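**Q** Keeping their order, the protein sequence lines are chains R and U. One rule links them: number in our numbering = place in the first sequence (from 1) + 1202. One rule links them: number in our numbering = place in the second sequence (from 1) + 1202. For every residue, glycine included, the Cβ atom is placed at its ideal position computed from N, Cα and C. None of the values given here were measured: they were computed from a predicted structure.
Number of protein chains: 2
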Amino acid sequence: MDIIKETLSRIKPLSRELLQQAQAKLDNKTKPPGSLGRLEEFARRIAAISGSLNPDMSKKVVFTFAGDHGVTEEGVSLFPREVTTQMVLNFLSGGAGINVLARHVGAEVRVVDVGVDYDFADTVGLIRKKVARGTKNFAKGPAMSRAETIAALTVGIELAEQCRAEGVGLVGTGEMGIGNTTPSSAIIAAISGKTVAEVTHRGTGIGDEALVNKIRVIEQGLALNKPDPHDPLDVLTKVGGLEIAAIAGLVLGCAANSIPVVIDGFISTAGAMIASELHPDVRDYIFAAHESVEIGHSFMLERIGVEPILDLKFRLGEGTGAALAMTLIEAGVKVLKEMATFEQAGVSNC
Amino acid sequence: MDIIKETLSRIKPLSRELLQQAQAKLDNKTKPPGSLGRLEEFARRIAAISGSLNPDMSKKVVFTFAGDHGVTEEGVSLFPREVTTQMVLNFLSGGAGINVLARHVGAEVRVVDVGVDYDFADTVGLIRKKVARGTKNFAKGPAMSRAETIAALTVGIELAEQCRAEGVGLVGTGEMGIGNTTPSSAIIAAISGKTVAEVTHRGTGIGDEALVNKIRVIEQGLALNKPDPHDPLDVLTKVGGLEIAAIAGLVLGCAANSIPVVIDGFISTAGAMIASELHPDVRDYIFAAHESVEIGHSFMLERIGVEPILDLKFRLGEGTGAALAMTLIEAGVKVLKEMATFEQAGVSNC
Chain R
1203 MDIIKETLSR IKPLSRELLQ QAQAKLDNKT KPPGSLGRLE EFARRIAAIS
1253 GSLNPDMSKK VVFTFAGDHG VTEEGVSLFP REVTTQMVLN FLSGGAGINV
1303 LARHVGAEVR VVDVGVDYDF ADTVGLIRKK VARGTKNFAK GPAMSRAETI
1353 AALTVGIELA EQCRAEGVGL VGTGEMGIGN TTPSSAIIAA ISGKTVAEVT
1403 HRGTGIGDEA LVNKIRVIEQ GLALNKPDPH DPLDVLTKVG GLEIAAIAGL
1453 VLGCAANSIP VVIDGFISTA GAMIASELHP DVRDYIFAAH ESVEIGHSFM
1503 LERIGVEPIL DLKFRLGEGT GAALAMTLIE AGVKVLKEMA TFEQAGVSNC
Chain U
1203 MDIIKETLSR IKPLSRELLQ QAQAKLDNKT KPPGSLGRLE EFARRIAAIS
1253 GSLNPDMSKK VVFTFAGDHG VTEEGVSLFP REVTTQMVLN FLSGGAGINV
1303 LARHVGAEVR VVDVGVDYDF ADTVGLIRKK VARGTKNFAK GPAMSRAETI
1353 AALTVGIELA EQCRAEGVGL VGTGEMGIGN TTPSSAIIAA ISGKTVAEVT
1403 HRGTGIGDEA LVNKIRVIEQ GLALNKPDPH DPLDVLTKVG GLEIAAIAGL
1453 VLGCAANSIP VVIDGFISTA GAMIASELHP DVRDYIFAAH ESVEIGHSFM
1503 LERIGVEPIL DLKFRLGEGT GAALAMTLIE AGVKVLKEMA TFEQAGVSNC
C-alpha cells in the first residue's frame, strides 16, 4: 500500500502559469486566436503537464495489459477465453489492430501479461508481470484479493516510473481480456449508483439473450460482494480485473511523474476512473481518446470530467482509439512548436 | 464548358461488389466484426473508389487554393485583405497551420493562386493559375463572370487529372481568402433556401455588430443578383469565389478520376456542395474531414449527405482539418492491408 500512498502524494494540479504561457504562445501564431480549437487545448495541457513550452513527443508508448476473467464461466462473452492468450501472441507478432494503428502514429506497443491464464514461459517481447492466472468469478465471490489488486496497481505504477526514466512524452493505455466489459460495467455501476442495465452493453457483439444474462450476472456479483462505492480499491478488488487495476496504476503513475496519458475505451476508462476517484487532480493528466459504442462509457467520462477526442464508433479496445488520439495530440504540440508567428511570417495581425 | 460536361460524364457510382469484398476482407481480420467502426467504412470506400483491396496511400496531397474577395470592402472580415497574400507566402515558407499538420501526416501541400489580388511574379513553389485579381463585390453585382467561374473550375479539374497521372492516393482540399466565409454562407443560403441568419457566423472571429452587417451584406447580394438555386454554376458565379470554384472543380475531377477527396471546413464544403449539386454520385468520393464551428456547415454536409469525421472545433481552413482526417482514413486503409487474419494469427473466431 505504501507505493500507492507515495504515488498519490506526488500528484499535483497543473500550473496555471504554464497554461497561460502556452496559450499566449499559441495566440502569436499565424491564425485567428483559438481557431485550431481542441488542438490548442491539447497543446496547452501537454505544455503544463510536461513543464515545457517545447514538449518532446518523440517517444510515444501504448501499454496493452492482458488478463483473464473468472466471470467468463458465466457465458458473458462471445469469444472463448483462449482468445486472450491468442491475441497476446498476435500483439507480439505485430498483426493486431493496435500494432497497425500504433505503427501508423509512430508509437511503440508494450504488451504486459498481468493476469493471463496461460504460461507464456520466456515468450520474446512480452513484459511478464503476471499477478495471477486470471481473476475469480465475481458472481460467486470477490474477483481478487486486496493484495492482488495492490500488486496489479503496482505493475502499472512501476511501468510509468520507467517511462519517466526513458523520457517517454506520451503514454497510451490499452487492454485485452475476454470478458472484460463485464467487470468494467460492474465498476461504473458500483461507483455511480446507475442501474446495471444502464451501463451494460454488448461487448464484442453478444445478442439480446446473452445481454440479459450479462446484466443478471453483474447484478448478482454486486449483490453478493457489496463493493463500497466510497472505496475505489474495494470496488476494483471485488468486481474488477487485473488489467483494469494495472491501467489504474499506470494512470496514477503517469500523473505522479508528469506524463500525459491517453486512455482508450470502456475498459481503460474504468481503470482511469478508479485512479481519478483516488485523487482529484489525476484528471488533469488524462486525455480521453474516444467515445466508445459501450453505453456505460459516457458515464465514466463524465464522472472523470473529460471530453472524448474522437467518435469513430470503436468497440475493440487494445489501445486502438488511444493510438489515433495520440497523433492528434501530437499534432497540437507541433502547432505550438512549429508554426510561424505573425512577426516571423510578416503577416498582419487583426 | 466542354471540359465540365466531359468530366461529369465520367463520374460513376461505386462498385457494390468491391464494397462487399472489402468488408469481407475486414471481417476476416483478428477483431470482432465491425469493431473498428468508421475506420472500416473508410477502408471500404477507399477500396471501392480506388478499385483495389490494397489501395496505395503513399502519395497524399492537400491543395490550398487562394483567392481574394471584392466583398471585403463591405467590412465583413476582421483581417485586412493583404493577409491573403501574406498567408500565401507563409504557406510557401512552411510556417502556417496547414504546413505543420500536412507534414505531421505525411502529405504534400500544393499552394494554388487562383485569384489573389497580388502579382506573385515568379515566386518559387506557387502554382500560378490566377483567373482574376479577386472577385467583384457581390453586394453591388455578380462576383464573377460565367467565363471566370468555368476557368476556375477547370483549374481544379486539371489539378485532379495531374494527381491521377502521378498516382496520388488521397487528395485534400483547403483554401485561403480573407472574407471567404461570406460567399460560402451566401452559397448555402441560395441553394438550401435557409435564411442568411441561419447560415452565417463569425468567420475569423467578428463581433456582434459586424455579424449583423455581414448578414445584411449577404442578403443584399442575394436580393440583387438573384442566383438560380437550380443552377449551381449560377450561384457560384453570382455570389461565390474563385477558390471555391477551383475546389468544386477539384472535387469533380477527383470523382471523375477515381481519387478519394477529403474536404476541409466551411469554405471547402461550399465548393464540394456545388460539385455534388452538379452530379449525384460525387458524394461517393467525398470524405468530410470535420464539423466546423461555422453554423452553416452542418446544412452543407447534410445536403451533400456525408458525416464529418472529426469534431475538434476548428475554424481555420487552409486544409487543416482535411490533413488530420487524411491520417485517420489512411489508418483505415492500413487496417485493411496490414492486420492479420484469424487464420494467419491462429486466433479462434466466434
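(1) What would DSSP say about Met1502/U, mapped onto helix, strand or coil?
(2) I'd like the ranges of any alpha helix (DSSP H) spanning at least 4 consecutive residues and lying wholly in the segment 1246 to 1304 of chain U.
(3) Exposed or buried, which one is Pro1510/R when buried takes at least 16 other CB atoms within 10 Å?
(4) When you check each C-beta in the segment 1494 to 1516 of chain U against every C-beta of chain R, which residues fall closer than 9 angstroms?
(5) Mapping DSSP to helix, strand and coil, what is Val1463/R?
(6) Beta carbons nearer than 8 angstroms to chain U: which residues of the segment 1451 to 1464 of chain R have them?
(7) Which residues of chain R have a Cβ atom closer than 9 angstroms to the Cβ of Met1289/U, listed in chain order?
(8) Any C-beta of chain A sitting closer than 9 angstroms to the C-beta of His1432/R?
(9) Check the Cβ of Lys1536/U against every Cβ in chain R and list those closer than 9 angstroms, keeping chain order.
(10) Out of Ser1347/R, Glu1275/R, Glu1368/R, state which residue places its alpha-carbon closest to the alpha-carbon of Ser1185/R.
(11) Check distances from the C-beta atoms of the segment 1466 to 1492 of chain U to those of chain R and list, in chain order, the residues that come in under 8 angstroms.
(12) Kindly list, in the order they appear in chain U, the residues whose Cβ is closer than 7 angstroms to that of Glu1284/R.
(13) Could you give the DSSP three-state label for Thr1543/R: helix, strand or coil?
(14) Could you tell me which chain U residues have their CB closer than 8 angstroms to the CB of Glu1421/R, listed as they occur along the chain?
(15) Rounding to the nearest angstrom, what Cα-Cα distance links Leu1426/R and Ala1527/R in this structure?
(16) Within its chain, find whatever has a CB closer than 7 angstroms to the CB of Arg1485/U; leave out the 5 residues flanking it on each side and keep chain order.
(17) Between Lys1338/R, Leu1291/R, Thr1356/R, Ala1524/R, which has its C-alpha nearest Leu1328/R's C-alpha?
(18) In angstroms, rounded to a whole number, what distance separates the CA positions of Met1541/R and Gly1443/R?
(19) DSSP puts Thr1402/R in a beta bridge; with which residues?
(20) Is it buried or exposed, Asp1315/R, if we count other Cβ atoms within 10 angstroms and call 16 or more buried?
(21) Our contact map puts Gly1236/R next to Thr1337/R with C-beta atoms below 8 angstroms; I'd like the distance itself, whole angstroms only.
(22) If the criterion is Cβ atoms closer than 9 angstroms, does the pair Ile1420/U and Ser1387/U meet it?
(23) In chain order, what residues of the same chain lie with their CB nearer than 6 angstroms to the CB of His1403/R, ignoring the 5 residues before and after it?
(24) Using only alpha-carbon positions, find the residue among Val1537/R, Ser1550/R, Asn1551/R that is nearest to Gly1297/U.
(25) Reducing DSSP to helix, strand and coil, say where His1432/R ends up.
(26) Runs of 3 residues minimum, wholly inside the segment 1355 to 1415 of chain U: which ones carry the beta strand (DSSP E) assignment?
(27) Residues in the same chain with beta-carbon distance under 7 angstroms from Asn1301/R, minus the five sequence neighbours each way, listed in chain order, please.
(28) Return no unless some Cβ of chain R is closer than 9 angstroms to the Cβ of Ala1522/U.
(29) Would you say Pro1429/R reaches chain U, if we count a Cβ-Cβ gap shorter than 9 angstroms as a contact?
**A** Judging by the given coordinates:
(1) helix
(2) Taken in chain order, the whole alpha helix (DSSP H) runs of length 4 or more contained in the segment 1246 to 1304 of chain U are 1284 to 1295.
(3) Burial check for Pro1510/R: the Cβ neighbour count within 10 Å reaches 16 or more, so the residue is buried.
(4) Listed in sequence order: Val1495, Ile1511, Leu1512, Asp1513, Leu1514, Lys1515, Phe1516.
(5) Note: Val1463/R maps to strand in three-state DSSP.
(6) Hits within the stretch: zero.
(7) Thr1232, Ala1547, Val1549
(8) Within the model displayed, chain A is absent; protein chains R and U are what it includes.
(9) Val1302, Leu1303, Arg1305, His1306
(10) Any question about residue 1185/R goes unanswered here, given that chain R covers just 1203 to 1552.
(11) Going along the segment 1466 to 1492 of chain U in chain order, one finds no residue with a Cβ nearer than 8 angstroms to chain R.
(12) Ser1550
(13) Thr1543/R: strand per DSSP, three-state reduction.
(14) None at all; the shortest Cβ gap to chain U is about 25 angstroms.
(15) 38 angstroms
(16) Ser1478, Ile1506, Gly1507, Val1508
(17) Leu1291/R
(18) 44 angstroms
(19) None, per the DSSP bridge assignment.
(20) buried
(21) Going by Cβ atoms, the distance from Gly1236/R to Thr1337/R rounds to 46 angstroms, so no, they are not a contact pair.
(22) yes
(23) Glu1496, Ile1497
(24) It is Val1537/R whose Cα lies nearest to the Cα of Gly1297/U.
(25) coil
(26) 1372 to 1378
(27) Phe1293, Val1311
(28) Reading off the sequence, residue 1522/U comes out as Thr, not Ala. Taking Cβ atoms only, chain R reaches closer than 9 angstroms to Thr1522/U, which makes this a yes.
(29) So no, Pro1429/R is outside the interface.
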